[in-house]
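Chains A and B supply the protein sequences, listed in that same order.
Heads up: the first sequence at position 382 corresponds to 1631 in my numbering, and the numbers run straight through without jumps.
Heads up: the second sequence at position 316 corresponds to 1565 in my numbering, and the numbers run straight through without jumps.
We put the beta carbon where it would ideally sit given N, CA and C, even for glycine.
Owing to the predicted nature of the structure, the values given are computational and were not obtained by experimental measurement.
2 protein chains.
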Amino acid sequence: MGLLKLRCVKFLTNVTKRSALLHYRSLTAASFKYDDLQVTLTDKKQEKPDPNNLLFGHNFSDHMLQVEWTRDDGWGKPVISPLTNLSIHPGAGAKCHRSNILCHSNYERHFRNIIFCILANSTLFEGMKAYRGVDDKIRMFRPFENMKRMKSTADRAYLPDFDAEELVKCMKKLLQIDREWVPYSTKSSLYLRPTFIGTEPTLGVTKSASALLYVLTGPVGPYYPTGMNPVTLLADPQYVRAWPGGCGNFKMGSNYGPTIKISAEADKKGCQQVLWLYGDDHQLTEVGAMNLFVYWINEQGEKCLGEFKVTERSYTMAEVTKALNENRLKEMFGAGTACVVSPVEKILYIDNMLNIPTMSEGAPVTMRFLKELTDIHYGRTISDWCEPIE
Amino acid sequence: MGLLKLRCVKFLTNVTKRSALLHYRSLTAASFKYDDLQVTLTDKKQEKPDPNNLLFGHNFSDHMLQVEWTRDDGWGKPVISPLTNLSIHPGAGAKCHRSNILCHSNYERHFRNIIFCILANSTLFEGMKAYRGVDDKIRMFRPFENMKRMKSTADRAYLPDFDAEELVKCMKKLLQIDREWVPYSTKSSLYLRPTFIGTEPTLGVTKSASALLYVLTGPVGPYYPTGMNPVTLLADPQYVRAWPGGCGNFKMGSNYGPTIKISAEADKKGCQQVLWLYGDDHQLTEVGAMNLFVYWINEQGEKCLGEFKVTERSYTMAEVTKALNENRLKEMFGAGTACVVSPVEKILYIDNMLNIPTMSEGAPVTMRFLKELTDIHYGRTISDWCEPIE
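In structure tokens, the structure reads:
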């Protein structure tokens, strides 16, 4: 490859990260247990959608996982139940069982709590995927990395802790039950959406005395309907997604709502995604909700024989512009769970359209990165990044 | 009074505010109309709680207001209905009428949408109050100031615009219907919680094709159960609530979730509220969710005969510390809808407890401010800040 560096930007300032991780966790460290899992199967399976025409986040599998927590009683038993649990049981005034969202007044309570807790916004989520391999085995991709972030986000959101092993075991069971929902396709996958919300029914902004952790799954195609078409990014320093002392490095729901209008601004200007900048020197921090990778020759023209030298550091729009002018910038792409890999073609930076030569020679590094990743996803390469489902 | 200044900190950088207000509003500017209001009264009124023992945000009046919006059809008709609309109608498969949350599948849709939209977090709210005056008239306090902020927040959250006059008329009707819920007390009031959420049922972070605006009301006593007891504040520069280019100056739900853990940190250190700092010079920006007022003699010893000179500007912890050391700082208090006025007694600033002399002479300015405000609230002073309810 020669002369090149692959660089990745870090999610956010380590100052915040360190201080958050050092905090004493006052809430219970006890966890729900896989061994307590209660399973109720649906008697009415839904029809599965065409795996070649999947829109992201619009289809849901037959079952879901739920676990309730209360301050008084701690974690309840995990429950796998039909997704139709979200519909209303017609029996009025039914007796309520704990951890049973089906029954009338429990459902009412959930609904009411959720309406209220939206305001307090103790919400967090994760995005994970399971793939059907060419060997017909189903594999989760790096679930414990998601669990690590989910636990640290729960801490920041002041929601209770749990045991990652137990949650992964419950999710594996959910995947076994809905295994036919994992698409028979090496373009698609099953998306898992663990979600964790405070459900305290009060209008005040307060720590929650109750919480609900639930996991929905659903088959997804490519995140961007245009597929691997390269994207144009809007890089406008007037909008800032995250800052030191904030919580941009956690997967809190509150990081995403404020981005919707800016995405619409990008759309109006012909850009598909927002490249988030930070600071007076316009550091590149994140693209949409993905990490950003740049493949370039550094200013010393440094050679890295045979393979890449990978560096994770802050870098600025001035560096990008200079590298472009000196023909040292070769490829740029975003990478994340939902999109996997998304090549960057242009950046609209303060009314100046920068052309990124990612695709000019067929994006060899981007494509190789994609191939390596998808070979692991679909079991063409066996890797310990995958957790197989029996 | 002599020699003194009353200072108030601005909510957040004006840079953000200006840029947001200048933006073109792409969503429909049409509004729902009060004249279309549909009212369904409850046949089962709830018992009202003791007005002397009200906890903030725990009691709800009999009725609520709802208006739905969809991208295709715009605003629906506003609906006032029993709060028990949130409970489940026992009739399964009932026919659905638009804007009627009562019926089965509509309810299901709402619930499902709300579960999903929590993640996108296009949520915003307002906090307003109505008071029963000593003349038994009911008055809303400055509702159009809340409407101004609610409209600018809706713009930032990429939710549709509406006509403030129409919403206020609908809320007045809601207050007329639930007028007996406005406490017969000059310590309590009726809190109004207008809420506006995107309800698009997708897991993607995207602008919403549907939205729900609803208003809950409920009687409230003092926000702080300890009443006018002065508070101790935690001022820790490692936590930052808002940032230029962010949306700290809007009433988005996403501003509040991240504060819950920091409030718990404050609590552990014996502080009741967080004093949010910003920047390397530790500017004071907000206390809890209130504005902060400081009453002091400026460095020039400036006299302001007869009355206060009011200044709104940024100021820093260094200024506060210096004024304290020179005995120029006299009183400090927070002010907001929920608490009205909250005197500050101490600030824990980087492990150093600063004693604020607010109460040392009975807080004459704070108390006068509180009296002037509550005289307006309860109709002892007639002011055009109030909107009377017929």
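CB contact check: A/G1249 to chain B, cutoff 8 angstroms: Given that chain A is displayed from residue 1250 to residue 1639, the structure contains no residue 1249 of chain A and the question cannot be resolved.
Backbone secondary structure at B/T1291 - three-state DSSP: coil
Assigned secondary structure, A/T1402 (DSSP; H/G/I helix, E/B strand, else coil): helix
Chain-order list of residues whose beta-carbon lies under 7 angstroms from that of A/K1620 (same chain, five-residue window excluded): Cβ neighbours of A/K1620 beyond the five flanking positions: none.
Straight-line Cα distance separating B/S1632 from A/D1311: A straight line joining the alpha-carbon of A/D1311 with that of B/S1632 spans about 59 angstroms.
N-terminal and C-terminal residue of the beta strand (DSSP E) that A/A1460 is part of: Note, A/A1460: beta strand (DSSP E), S1459 to V1469.
Cross-chain neighbours of B/M1501 in chain A, by beta carbon under 7 angstroms: G1506 and P1507
Integer-rounded CB distance, given that A/V1417 should sit under 8 angstroms from A/M1220: Only positions 1250 to 1639 of chain A appear in the structure, and residue 1220 of chain A is not among them; the question remains open.
Beta bridge counterpart(s) of A/P1443 as assigned by DSSP: BP columns for A/P1443 point to A/V1464.
C-beta contact flag for A/K1500 and A/E1415 at 8 angstroms: no
Whole-angstrom distance between A/A1587 and A/L1304, CA atom to CA atom: 11 angstroms
Three-way DSSP call (helix, strand, coil) for A/R1562 in this model: coil
DSSP beta-bridge partners of B/F1374: DSSP output for B/F1374 lists B/T1444 as bridge partner(s).
Own chain residues within Cβ distance below 6 angstroms of A/W1525, not counting five before or after: The answer, listed in chain order, is R1490, T1534 and E1535.
Extent of the continuous alpha helix (DSSP H) run through B/M1616: Here the alpha helix (DSSP H) through B/M1616 covers P1613 to H1626.
Validate contact between the segment 1584–1598 of chain A and the segment 1480–1488 of chain A using beta carbons, cut 8 angstroms, 3 pairs: yes
Beta-carbon contacts of B/G1537 that lie in its chain and below 7 angstroms, excluding the five residues immediately before and after: Q1522, V1523 and G1583
Buried or exposed (CB count within 10 angstroms, at least 16 for buried), A/Q1549: The residue in question, A/Q1549, is exposed, as its Cβ has fewer than 16 Cβ neighbours within 10 Å.
B/E1551, buried or exposed, once every other Cβ within 10 Å from all chains shown has been counted against 16: exposed
Beta-ladder partner(s) of A/H1531, from DSSP: None; A/H1531 has no bridge partner.
Distance between B/L1462 and A/E1636 (C-alpha atoms, nearest Å): 43 angstroms
Test: B/A1484 CB closer than 8 angstroms to a CB of chain A: no
Coil, strand or helix - B/T1435 by DSSP: coil
Buried versus exposed, by CB contacts within 10 Å (16 or more), A/N1574: exposed
DSSP beta-bridge partners of B/H1312: DSSP output for B/H1312 lists B/P1331 as bridge partner(s).
A/I1329 vs A/K1421 beta-carbon contact at 8 angstroms: no
Three-state secondary structure (DSSP) of A/C1419: helix
Secondary structure of A/V1383, DSSP reduced to three states: coil
Three-state class that DSSP yields for A/L1483 in the structure shown: strand
Chain B contact residues for A/C1496, given Cβ-Cβ distances below 7 angstroms: Within chain B, the residues near A/C1496 are P1507.
Min CB distance A/Y1407 to chain B below 8 angstroms: yes
Proximal residues to B/Y1627 (C-beta, below 6 angstroms), its chain only, five neighbours per side dropped: Y1380, G1382, V1383 and T1435
Simplified DSSP state of B/G1323, which is helix, strand or coil: strand
Contact check, B/L1408 vs B/G1447, beta carbons under 8 angstroms: yes
Exposure of B/N1308, with buried meaning 16 or more beta-carbon neighbours within 10 Å: buried
Cα-Cα separation between A/D1221 and A/R1320, rounded to whole angstroms: Here chain A has residues from 1250 to 1639 only, and residue 1221 of chain A is not among them.
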